Amino acid sequence: MQNFLDYFSQSLLFRNFIEVLMGLDNTLLLLIISLPIGFILSLVFALGRVSKNKILSKPIAGYIFVIRGTPLLVQIYLIYFGLGSIEFIRESFLWILLKEPFWCGVLALTINTVAYGSEIFRGGIQSVTKGQIESGLSLGFNKFMLLRKIILPIALRKVLPSYGNELILMVKATSLVSLTTYMEMTGIARKIMAKTFAPVEAFVAAGILYLFLNFLMVQFVKYLEWKYNPHLRVEQN
Amino acid sequence: MFKFEKLVFGDLGWGDEFLFATLMTITVSILSMGLGLCLAIVTVWAKLITNKITRIVANFYTTVVRGVPELLVIYLIFFGGNTVVMSIAKLFGYNGYIELNALTIGTIAIAFISATYSSEVLRAAYLAINKGQIEAAKALGLNKFQIFFKVMGPQILRHALPGIGNVWQITLKDTSLISVTGLVEIMRQTRIASNVEHSPLTFLVTAALLYLFLTTFSGKFFKVLELNFSKGYN
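Read top to bottom, the protein sequences are chains A and B.
Heads up, the first sequence is in our numbering, so the first residue is 43 and it goes up one at a time.
Heads up, the second sequence is in our numbering, so the first residue is 481 and it goes up one at a time.
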């Protein structure tokens with residue numbers, strides 16, 4: 043056993059694992075900033091998308107169409123390389139943020155998740171039945187109360203599984219930010235590969251970490267589903 | 481800013497290069513979608529037959545590939561693929577150096593990813609078919625092949641088409657990632673052109689428009705197909 047542990051702790055895979063683990067905070071940082079902002083903006087955009095005001099809903103529909111129709115990689119490059127080539131932006135205060143690959147990554151990930159997220163939320167909002175809204179109206183709720191007490195709770199818990207999917211896609215999408223020289227887990231795995239010429243060990247180490255992250259994400263979404271769908275819980279005994 | 485004159489066809493602009501790059505993207509997408517569907521059929525079969533080992537292997541494959549970033553899968557197959565192929569060749573007594581070209585590796589990598597999504601779609605479509613249908617076919621005296629090709633196949637296709645359309649869009653967008661292997665598709669052409677001309681915005685916007693064009697029109701195509709396949713139901 044001792045022998046095995048010694049062997050394991052000196053193996054390339056384990057050393058790579060430790061090294062890739064050092065990039066975990068960078069990956070998490072991307073997620074911690076872009077996911078909450080993405081969530082709130084998705085809700086706002088979804089509400090704008092279902093509103094009867096065409097001036098509000100049409101541009102949002104166009105934005106969703108463009109973002110969902112192009113690869114995330116193009117969006118990241120557009121923000122990192124494209125915006126940087128515009129003189130006007132380089133001279134504005136935005137340049138302090140946009141010259142950093144990290145903030146470009148955050149911006150691209152947020153823009154991307156808002157497009158997908160708002161489509162998901164729109165489905166949830168539109169699935170609230172008319173009777174539920176009418177019963178709210180008959181209780182004398184105003185528009186805001188209706189939204190806060192009836193539409194959003196019903197819509198959000200309904201879309202939890204599909205929004206959970208989107209969250210997992212976002213965890214996977216952070217790996218693309220490594221192509222803008224930002225050193226998160228995939229970037230570090232790439233660097234290890236260039237150093238040791240052992241691609242399998244480097245990328246498997248990173249893969250295990252991503253699997254673990256996604257596993258946690260799935261558990262988190264499952265917990266939320268359990269918490270907010272009390273009527274669907276299977277009673278023990 | 482945006483330089484239209486860089487996009488003309490011929491020696492002065494990048495128009496023809498981008499045309500070929502777009503064709504390459506379409507080629508890779510179609511090849512990997514087809515290969516992915518074949519892989520997906522095998523995966524679904526492994527998941528549905530009553531054999532524990534094949535089911536565990538298939539579940540492991542879909543869980544791992546869907547839980548790991550696409551870029552990582554592509555890196556692994558791009559950098560590790562040659563080693564695997566060479567060791568397989570060694571088993572058959574060939575000791576030389578083999579290098580797979582970028583198109584092959586890219587196609588295999590994307591197919592590997594798209595197969596996991598397609599397999600879920602196909603599995604759901606298979607399970608959506610009423611058992612009575614198979615029993616009715618058996619009662620008519622059809623053999624296994626006839627049941628599959630005349631009764632199950634068309635219905636699976638109809639149930640799966642919307643999902644397959646989604647997987648196609650994902651696959652099409654994922655092909656942008658194999659630019660890291662050096663295959664000259666839209667994304668790689670964009671990087672080359674913007675490095676030469678020092679005008680990334682022009683070419684990135686072009687790339688975005690090309691992808692938008694491809695996804696929109698293939699989406700329309702799938703809509704028509706869906707209508708065609710559900711003719712008997714409306």
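Note that CB positions come from ideal geometry on N, CA and C, so glycine has one too.
All values derive from a computational prediction rather than experimental measurement.
Where does LEU620 (chain B) fall in DSSP's three states?
LEU620 (chain B) sits in coil when the DSSP states are folded into three classes, being neither helix nor strand.
Considering only residues of the same chain and omitting the five flanking positions on each side of GLY490 (chain B), which have a CB-CB separation below 8 Å? Sequence-distant Cβ neighbours of GLY490 (chain B) in its own chain, meaning closer than 8 Å and more than five residues away, are ASP496.
| task | Could you tell me whether any Cβ in chain A is nearer than 8 Å to the Cβ of MET632 (chain B)? | result | No, MET632 (chain B) does not count as interfacial toward chain A.
Self-check item: Distance between GLY65 (chain A) and MET225 (chain A) (C-alpha atoms, nearest Å)
Solution: MET225 (chain A) and GLY65 (chain A) have their C-alpha atoms spaced approximately 7 Å apart.
Worksheet item: What three-state label does DSSP hand VAL488 (chain B) in the structure shown?
Response: DSSP places VAL488 (chain B) in coil when its eight states are reduced to three.
### Contacts of ALA248 (chain A) in chain B (Cβ-Cβ under 7 Å)
What ALA248 (chain A) touches in chain B, judged by beta-carbon distance under 7 Å, is LEU552, going in chain order.
- Item | Unbroken stretches of the alpha helix (DSSP H), 4 residues or longer, contained in the region 558 to 615 of chain B | List check, alpha helix (DSSP H) in window: 582 to 607.
query = Under 8 Å between the Cβ atoms of ASN58 (chain A) and ALA244 (chain A)?
reply = Yes, the Cβ-Cβ distance between ASN58 (chain A) and ALA244 (chain A) is below 8 Å.
DSSP three-state label for ASN95 (chain A), please. Here ASN95 (chain A) sits in coil by DSSP.
Indicate the three-state DSSP secondary structure (helix, strand or coil) for TRP137 (chain A) in the structure shown. Note: TRP137 (chain A) maps to helix in three-state DSSP.
Could you work out which residue in A:PHE107, A:SER169 and A:VAL213 is closest to LEU689 (chain B) when comparing CA atoms only? For the residues A:PHE107, A:SER169 and A:VAL213, the minimum Cα distance to LEU689 (chain B) belongs to A:PHE107.
Test: SER169 (chain A) CB closer than 8 Å to a CB of chain B: No, SER169 (chain A) does not count as interfacial toward chain B.
- Message: Can you give me the C-alpha to C-alpha distance between GLU61 (chain A) and VAL213 (chain A), rounded to a whole angstrom?
- Response: Going by the C-alpha atoms only, they are around 19 Å apart.
Requested in this report: Report the residues of the region 544 to 574 of chain B with a CB closer than 7 Å to any CB of chain A, ordered along the chain.
Outcome: Those residues of the region 544 to 574 of chain B placed with their C-beta closer than 7 Å to a C-beta in chain A are VAL544, GLY547, VAL548, PRO549, GLU550, LEU551, LEU552, TYR555, LEU556, PHE559 and GLY560, ordered along the chain.
Query raised in the report: By the 10 Å Cβ neighbour count, where 16 or more other Cβ atoms means buried, how is LEU146 (chain A) classified, buried or exposed?
Result: For the sequence presented, residue 146 (chain A) should be read as Cys rather than Leu. Buried: at least 16 other Cβ atoms inside 10 Å.
- Query: Given that PRO680 (chain B) touches chain A, what residues does it touch there, using C-beta distances under 7 Å?
  - Reply: In chain order, PHE123, GLY124 and SER127 make up the part of chain A whose C-beta sits under 7 Å from the C-beta of PRO680 (chain B).
From the beta carbon of ALA589 (chain B), is the nearest beta carbon of chain A less than 8 Å away? Taking CB atoms only, ALA589 (chain B) has no neighbour in chain A less than 8 Å away.
Does the distance from the C-beta atom of GLY159 (chain A) to that of TYR105 (chain A) stay below 8 Å? No. Outside cutoff.
Kindly indicate which three-state DSSP category VAL664 (chain B) falls into: helix, strand or coil?
Correct three-state label for VAL664 (chain B): coil.
Exercise for review: Taking C-beta pairs closer than 8 Å, name the residues in chain A that LEU528 (chain B) reaches, listed in chain order.
Suggested key: Those within 8 Å of LEU528 (chain B) in chain A number zero; the least Cβ separation is about 23 Å.
Q. Between the region 82 to 101 of chain A and the region 263 to 274 of chain A, do at least 3 Cβ pairs fall closer than 8 Å?
A. The region 82 to 101 of chain A vs the region 263 to 274 of chain A: no contact.
- request: Could you tell me which chain B residues have their CB closer than 8 Å to the CB of ARG232 (chain A), listed as they occur along the chain?
  value: In chain order: TYR555.
Looking at C-beta atoms only, is the number of pairs between the region 507 to 524 of chain B and the region 647 to 662 of chain B that lie closer than 8 Å three or more?
Short answer: they touch.
Original post:
If you draw a straight line from the C-alpha of THR686 (chain B) to the C-alpha of ILE234 (chain A), how long is it?
Top reply: Those two C-alpha atoms are separated by around 34 Å.
Exercise for the section: Kindly list, in the order they appear in chain A, the residues whose Cβ is closer than 9 Å to that of LEU692 (chain B). Expected result: The answer, in chain order, is PHE107, VAL108, GLY111 and THR112.
> Can you tell me the Cα-Cα spacing of ILE118 (chain A) and GLU142 (chain A), whole angstroms?
Replying inline: Those two C-alpha atoms are separated by around 12 Å.
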